[in-house]
């Protein structure tokens, strides 16, 4: 047995031992089936000197980590004991032909009602790395979220130095008051809801906040050892910087796709994204703060408070004051642009970047904010958000059910490939009455066709960075730029060799991002801004990917326990 395979074997044994100790795996006849029970229940939690009831999974905040291996089948039975309807999205899992397990409420299923259960049944095929799960209804993902760790197949080592230990780092937000009440208040007034009161690391804000001595995440390290941090941005509305005082990080994976390794003092991670980094415990033994803070490069109010955790060398007493890291300035757009340019696919023989070189369908979507009439709102208007000037209206039954059973009148499959009127997208702010259209309109895509989508930010009310997530797919980020996309010149600058492949991408403030993917997964797949406030305002749509001609190229039949509408 080689040293690499021995390390791999030990790592798998450790994983199985830990999983068994914590009751994470229920073995059946087939060991490749992993079963989990998720009980949606209300739990009283105290943070920042405020106690309140929150919705949790199994009473935990954040929720339990799902540990699987590439190739496993996963069954998660979700039983809802809370007062809210619930659905869970397995963010980044492709769910081939199996949109029924994807989870967004009223897109691929109706929600799980109080007192009911639904089993999400899916295969983890061709993916390995860090993903995550979260509620996909209302703003419940503020407290209902957790990590998904997908280990490589047995005997397959990581394509980077083997770490001595791994940690999950979930970055989130905390509101002192009831989140749904805050959202409803903002909606009724036609204004953004109040921003969060703190950021958190693994549900804990850290000692820079009041009443947080007990609510600080700490990880102990040993000098000379290497650690893999699986970092997840589970925040609702904030892109975040993350750094560890005195320690560099080597980025080796994003969104469960291996990258060409590069070293950085800080990372930038948008809501919905994951980043795996290697950290070497090579500094003088001490206590070091890890810290997370918002990135926002336009004058829009955000929660700019810093969450902290502690990296503590073994044997160092807790009385030693930790050292704070130097985070980039909160509006450092040059760091954001240069950091994202460094992220490239590993593109090795074992993990190639199969970027589509020929494009069958070109789409150009503008991102805009607007104000529509609202007689009951404070200023007689309410804020809306749109793609190609269409603000998406959520249906009352699942779009996937409507498509699969040919139920008419639920949606129109005529979403425009480009905006109705071209204009200087990133010029002077446009604040006139924009008459944003509303509707449940989807784009139809032929099976196995190759798609290029350019997402263009606009100065409708204001420019802003937007992280977009596509369900059911990974895509290649072939290009990005500041200003207006130029179809005559910009494609010549695309990276078609080793572009990063991911499921959530940031569109830069006042700029554009071009992505490509092959539409080989039939179904109805949600695409939306992962800033929850913008999603609620209508910054979303969905693709209907048609069935293919083969017997294994059509949507699977719905499960018998699919929640009724």
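Residue numbers (my numbering): 1232 to 1796.
Ideal Cβ placement from N, Cα and C applies to all residues, glycine included.
A quick note: this is a predicted structure, and the numbers were derived from the prediction, not measured.
For residue j and residue i, the rounded distance between their alpha carbons
i, j, result
"residue 1283", "residue 1276", "6 Å"
"residue 1697", "residue 1478", "29 Å"
"residue 1272", "residue 1313", "5 Å"
"residue 1266", "residue 1333", "17 Å"
"residue 1261", "residue 1781", "Confidence at residue 1261 is low in this model, with a pLDDT of 43, below 50, so the placement of that residue should be treated as unreliable; the coordinate-derived value is given next. Residue 1261 and residue 1781: Cα-Cα distance of roughly 28 Å."
"residue 1270", "residue 1573", "41 Å"
"residue 1672", "residue 1651", "14 Å"
"residue 1429", "residue 1441", "11 Å"
"residue 1298", "residue 1380", "5 Å"
"residue 1482", "residue 1609", "46 Å"
"residue 1644", "residue 1635", "14 Å"
"residue 1594", "residue 1777", "17 Å"
"residue 1580", "residue 1382", "19 Å"
"residue 1320", "residue 1764", "18 Å"
"residue 1373", "residue 1414", "12 Å"
"residue 1445", "residue 1280", "11 Å"
"residue 1662", "residue 1709", "32 Å"
"residue 1745", "residue 1683", "7 Å"
"residue 1399", "residue 1344", "30 Å"
"residue 1769", "residue 1366", "18 Å"
"residue 1417", "residue 1468", "15 Å"
"residue 1318", "residue 1368", "6 Å"
"residue 1443", "residue 1436", "7 Å"
"residue 1258", "residue 1559", "Its pLDDT being 35, under 50, residue 1258 is placed unreliably by the model, and the measurement read from it follows with that caveat. Distance between the alpha carbons of residue 1258 and residue 1559 is about 46 Å."
"residue 1706", "residue 1611", "40 Å"
"residue 1497", "residue 1516", "21 Å"
"residue 1576", "residue 1506", "13 Å"
"residue 1452", "residue 1549", "14 Å"
"residue 1775", "residue 1623", "15 Å"
"residue 1546", "residue 1461", "25 Å"
Neighbourhood of residue i by C-beta, 7 Å cutoff - its chain only, sequence neighbours within 5 removed
i, result
"residue 1347", "1311, 1794"
"residue 1561", "1524, 1525, 1526, 1527, 1535"
"residue 1703", "1325, 1326, 1330, 1333, 1752, 1754, 1756"
"residue 1464", "1402, 1471, 1500, 1501, 1502, 1503, 1504"
"residue 1773", "1338, 1630, 1673, 1755, 1756, 1757, 1758"
"residue 1601", "1615, 1617, 1665, 1667, 1691, 1692"
"residue 1253", "Model confidence at residue 1253 stands at a pLDDT of 37, short of 50, so the residue's coordinates are unreliable; what they give is reported in the following sentence. Once the five neighbours on either side are set aside, residue 1253 has no close Cβ partner at all."
"residue 1341", "1628, 1629, 1794, 1795, 1796"
"residue 1291", "none"
"residue 1532", "1426"
"residue 1721", "1710, 1712"
"residue 1295", "1288, 1289, 1377"
"residue 1241", "The pLDDT assigned to residue 1241 is 37, lower than 50, so where the model puts this residue is not dependable, and the model offers no usable value."
"residue 1359", "1301, 1381, 1382, 1383, 1487"
Of the listed residues the options, nearest to residue i (C-alpha basis)
i, options, result
"residue 1514", "1536, 1475, 1561", "1475"
"residue 1666", "1648, 1388, 1613, 1633", "1613"
"residue 1459", "1432, 1751, 1394, 1403", "1394"
"residue 1278", "1447, 1377, 1270, 1591", "1447"
"residue 1339", "1753, 1743, 1462, 1464", "1753"
"residue 1630", "1640, 1591, 1290", "1640"
"residue 1767", "1288, 1642, 1336", "1336"
"residue 1606", "1359, 1419, 1412, 1704", "1419"
"residue 1735", "1722, 1450, 1407, 1571", "1571"
"residue 1302", "1264, 1417, 1595, 1469", "1264"
"residue 1737", "1611, 1701, 1287", "1701"
"residue 1786", "1566, 1633, 1655, 1763", "1633"
"residue 1850", "1538, 1658, 1677, 1537", "Residue 1850 lies beyond the range of the chain shown here (1232 to 1796); nothing can be said about it."
"residue 1518", "1545, 1553, 1473", "1553"
"residue 1578", "1425, 1461, 1729, 1653", "1729"
"residue 1328", "1309, 1317, 1355", "1355"
"residue 1357", "1322, 1300, 1621", "1300"
"residue 1566", "1625, 1648, 1556, 1495", "1495"
Own chain, CB closer than 6 Å to residue i, minus 5 neighbours either side, in chain order
i, result
"residue 1456", "1395, 1512"
"residue 1351", "1307, 1332"
"residue 1587", "1681, 1747, 1749"
"residue 1431", "1403, 1405, 1538"
"residue 1293", "1376, 1377, 1401, 1434"
"residue 1714", "1657"
"residue 1493", "1482, 1573"
"residue 1596", "1618, 1619, 1686"
Check: residue i C-beta below 7 Å from any heavy atom of the ligand SAM
i, result
"residue 1685", "This structure does not include the ligand SAM; it has no bound ligands of any sort."
Which residues DSSP lists as bridging residue i, in chain order
i, result
"residue 1739", "In DSSP, residue 1739 forms no bridge with anything."
"residue 1542", "1450, 1519"
"residue 1730", "1575"
"residue 1298", "1380"
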